[in-house]
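I have placed the structure first, in the form of structure tokens, so that the comments after it can refer back to it.
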Amino acid sequence: MFRNRREGLALALPAAIFSTLLFLVPVAILLSEAFRSDTGFSLQGYVDFFASPLNRSVFLRTLKLGVLVAGSAAIIGYAAAFCIVNLPGKARGTVFGMVVLPLMISPVARTYAWIVILGRTGIVNDAIVGLGLSASPIRLLFTETAVFLGLLQLFLPLMIISLVSAMENIPRDVIPAARVLGASWLNVFFKVILPLTKEGLVIGGTLVFTGALTAYITPAILGGSKVLMLETLLYQKVNVSNDFVSASVIAMILIAMSFAANLVLKRIATARS
Amino acid sequence: MSDTFVQLTDLTLTYGKNIAVPALNLSIREGELIALLGPSGCGKTTTMRAIAGLLAPASGSIHIDGRDVTRLAANKRGIGLVFQSYALFPHLNAFENVAFGLRLQKLPEAEIKSRTEQGMATVGLSGFEGRKPAEMSGGQQQRLALARSLVMRPKVLLLDEPLSNLDARLRLEMRTELQRVQKETGVTMVFVTHDQAEALALADRIVLMQQGKIEQLGTPAQLYAQPETAFAAEFMGFENIFKVAGDSVQNDHGSLPLGYRPDSAILAWRPDGVRVGQGPHQGRVTACSFAGGHREYVIDSALGPVKANADIALPEAQIGDSLSFDLPQATARPLRA
Ligand SMILES: Nc1ncnc2c1ncn2[C@@H]1O[C@H](COP(=O)(O)OP(=O)(O)OP(=O)(O)O)[C@@H](O)[C@H]1O
Ligand SMILES: [Mg+2]
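Going down the list, the sequences are from chains A and B. Quick note on this note's numbering: the first sequence kicks off at 337 and runs consecutively. Quick note on this note's numbering: the second sequence kicks off at 467 and runs consecutively.
If you want it as structure tokens, here you go:
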């Protein structure tokens with residue numbers, strides 16, 4: 337394509353300079369905080385961070401919700417993607433458009449919609465009280481469930497999109513062939529669909545997990561200070577307690593978790609076949 | 467009939483609002499080799515998918531071995547289907563493709579291995595076990611798909627153009643192999659082909675389909691010698707088909723007197739059946755090609771182009787030459803409208 341390598345590299349130069357100067361350098365400076373102490377290089381920041389029971393529980397909750405959101409998105413996503421790819425042309429475009437649509441709406445608006453549903457005078461509580469299941473409204477907001485639902489709703493489209501494009505690449509008639517050879521639908525899923533869509537699952541899973549870890553608005557609105565996540569904790573450290581070392585440590589942990597998730601997913605994907 | 471093995475009754479198959487196959491009736495005997503013959507889009511694949519359980523009929527029923535399987539799931543029918551598109555598993559190597567169904571049956575590993583290896587040997591693919599389908603030629607993939615179905619030892623084997631991608635020699639070899647397997651195992655086979663010669667060579671009976679309907683059903687000899695409709699005749703190589711009006715034949719181009727009065731609505735002649743070099747009719751040669759034992763002429767006549775084969779012993783006519791010919795009663799095939 338290019339006459340020589342240098343010409344190709346020249347085209348990548350602006351992007352490289354831009355991300356080095358404006359992204360990598362500041363991030364590196366910021367993150368180096370996480371390894372610094374009065375005496376030079378140190379992991380003391382991490383030791384201190386994990387020494388706090390509050391921090392530990394926030395870390396575990398973030399991990400748990402990330403895994404749950406990614407796992408649920410995968411299950412719902414496979415079902416949805418399978419339906420979508422099997423729809424006839426026109427309906428398929430419409431449904432796929434409906435999946436993509438939420439991505440065009442601000443996460444703030446999408447998250448506030450949950451307040452209408454889960455708030456004290458929201459739809460669900462109105463129904464619960466109306467049906468006499470409870471005398472007074474129950475607390476639905478500021479729970480892990482609320483954060484879970486909010487994050488799932490936020491990131492499910494990414495999983496569905498990844499899986500739909502993966503499934504579109506399954507050759508025609510391969511699933512019918514497995515059926516005729518005696519495969520139950522469960523067998524079809526594990527022996528044909530999953531191995532042939534694992535790249536899509538790895539991409540979707542990483543996107544959703546990382547998204548759930550790093551979302552700020554949703555846990556802030558739906559969880560508040562009752563259901564702290566690493567991201568909301570990080571914000572507190574910076575803006576409330578001015579504790580930049582802890583903030584950097586949290587940022588490092590988040591990055592490490594995203595990379596770890598990607599590695600784990602790839603591992604699972606290759607181990608299956 | 468007691469030896470009916472596969473019975474399709476008023477089978478109607480639709481894609482949304484489109485009716486692909488309206489009310490098909492067909493009984494196939496045990497151990498029979500049926501060829502489904504017909505033009506592209508006439509519903510051959512659709513019918514096979516329905517028999518295999520991949521397409522729920524809009525109405526009608528399917529019985530296999532006396533049992534109503536109309537509502538039975540595809541994975542419980544015990545039917546083999548070789549797909550027109552091969553439908554091999556791209557993530558599995560050749561061995562695992564063939565072993566796929568056997569593994570689902572949870573057979574002992576040793577049996578899986580021996581049956582898979584035997585299956586691959588049957589289609590001449592020994593040594594290809596470790597290859598992925600993407601690393602095989604079209605013909606090899608097609609044979610792999612065949613092996614994958616054969617090793618399952620199905621009661622009914624449906625083959626959707628299983629030999630279409632093979633060269634002439636391999637095709638003949640596979641054809642013989644299929645016949646051998648069929649004789650040996652007594653499996654009931656339904657075989658889709660576009661190739662009239664293949665259907666004639668292989669089948670016990672031929673089902674000729676058009677637009678989802680059975681146009682004619684019969685032994686190869688019956689279909690070859692006694693097609694009943696213009697469509698069937700055309701498919702069986704009657705290239706000269708004309709409407710009858712009194713004692714002459716006619717088409718959009720014009721008419722020719724026959725000198726006899728046929729009692730059918732349509733008459734058809736194979737190129738072999740048209741006599742060349744003598745006869746009451748005249749035409750101009752517009753094409754001539756050498757075909758080994760005979761010459762193939764296209765003669766422009768009052769009926770437009772007439773296709774005729776002439777013995778090689780007769781003197782050769784050049785393009786533009788005038789040639790006399792006859793449409794004899796003896797070689798005419800009467801057809802119904
Ligand atoms: N998935 C589908 N959706 C809608 N219509 C279809 C579908 N598959 C086939 N058809 C239509 O049904 C009719 C029968 O198709 P079918 O595939 O059975 O033809 P065929 O006889 O196998 O043709 P070929 O020899 O080209 O394979 C055709 O008119 C085709 O357009
Ligand atoms: Mg077909």
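Even for Gly, the Cβ is constructed at its ideal location relative to N, Cα and C.
Residue i: CB within 7 Å of a non-hydrogen atom of ligand 2
i         : result
Gln682(B) : no
Gln550(B) : yes
Asp626(B) : yes
Check: residue i C-beta below 7 Å from any heavy atom of ligand 1
i         : result
Thr659(B) : no
8 Å CB neighbourhood of residue i in its chain, flanking five on each side removed
i         : result
Leu487(A) : Leu401, Val405, Gly547, Ala548, Ala551, Thr554 and Pro555
Met467(B) : Low per-residue confidence applies at Met467(B): pLDDT is 45, beneath 50, and the placement is therefore not dependable enough to give any value.
Gly605(B) : Asn631, Leu632, Asp633 and Leu636
Gln677(B) : Cys508 and Gly509
Ser521(B) : The identity of residue 521(B) in the sequence shown is Leu, whereas the question assumes Ser. The answer, listed in chain order, is Leu479, Thr512 and Arg515.
Val535(B) : Gly519, Ile528, His529 and Arg543
Closest Cα partner of residue i within the set the options
i         : options                                       : result
Gly593(B) : Thr695(B), Lys572(B), Ala560(B) and Arg533(B) : Ala560(B)
Gly381(A) : Ser594(A), Ile589(A) and Gly407(A)            : Ile589(A)
Lys598(B) : Leu769(B), Arg581(B), Pro628(B) and Val564(B) : Val564(B)
Asn422(A) : Lys534(A), Asn575(A), Thr542(A) and Ile511(A) : Ile511(A)
Ala667(B) : Ala798(B), Gln550(B), Tyr690(B) and Pro800(B) : Tyr690(B)
Ala516(B) : Leu624(B), Glu577(B), Ser580(B) and Thr752(B) : Leu624(B)
Phe471(B) : Gly652(B), Ile732(B), Pro794(B) and Arg750(B) : Gly652(B)
Val751(B) : Asp787(B), Gln744(B) and Ile732(B)            : Asp787(B)
His660(B) : Leu638(B), Pro628(B) and Gln645(B)            : Pro628(B)
Gln692(B) : Glu650(B), Leu801(B), Leu644(B) and Lys679(B) : Leu801(B)
Asp729(B) : Val710(B), Gly759(B), Pro488(B) and Leu547(B) : Val710(B)
Arg761(B) : Gly745(B), Gln784(B) and Leu724(B)            : Gln784(B)
Phe525(A) : Asn578(A), Tyr414(A) and Ala597(A)            : Tyr414(A)
Ile496(A) : Gly433(A), Gly458(A), Thr481(A) and Phe377(A) : Gly433(A)
Phe371(A) : Ala596(A), Arg603(A), Ala587(A) and Ala597(A) : Ala587(A)
Contact check, residue i vs residue j, beta carbons under 8 Å
i         : j         : result
Pro362(A) : Pro438(A) : no
Val772(B) : Asn706(B) : yes
Leu517(A) : Met618(B) : yes
Phe697(B) : Leu503(B) : no
Thr512(B) : Leu479(B) : yes
Ala409(A) : Val544(A) : yes
Val394(A) : Met565(A) : yes
Ile506(A) : Ile529(A) : yes
Val715(B) : Leu616(B) : no
Leu601(A) : Thr542(A) : yes
Ala803(B) : Ile732(B) : yes
Leu547(B) : Asp670(B) : no
Leu367(A) : Ser584(A) : yes
Ile441(A) : Val431(A) : no
His529(B) : Gln584(B) : no
Residues near residue i in its chain [Cβ-Cβ closer than 7 Å; skip 5 each side]
i         : result
Gly536(A) : Ser498, Leu499, Ser501 and Ala502
Arg456(A) : Pro473
Ala774(B) : Pro737, Val740, Val742, Tyr763, Ile765 and Phe791
Gly544(B) : Pro620 and Lys621
Ser373(A) : Gln380
Ser609(A) : The predicted model places Ser609(A) with a pLDDT of 48, which falls under 50 and marks its position as unreliable, so this point remains unresolved.
Any non-hydrogen atom of ligand 4 within 7 Å of residue i CB
i         : result
Pro574(B) : You won't find ligand 4 in this model; what it holds is ligand 1 and ligand 2.
Chain-order list of residues whose beta-carbon lies under 6 Å from that of residue i (same chain, five-residue window excluded)
i         : result
Ala768(B) : Gly720 and Leu722
Val589(B) : Arg609, Leu612 and Ala613
Met514(B) : Leu624 and Asp626
Phe566(B) : none
Thr568(A) : Pro555 and Ala556
Val581(A) : Glu369 and Gly381
Ile485(B) : none
- Query: So which residues touch the region around ligand 1, with touch meaning a C-beta under 5 Å from any heavy atom?
  - Reply: The chain-ordered list of residues whose CB is nearer than 5 Å to some heavy atom of ligand 1 reads Tyr481(B), Ala486(B), Ser506(B), Gly507(B), Cys508(B), Gly509(B), Lys510(B), Thr511(B) and Thr512(B).
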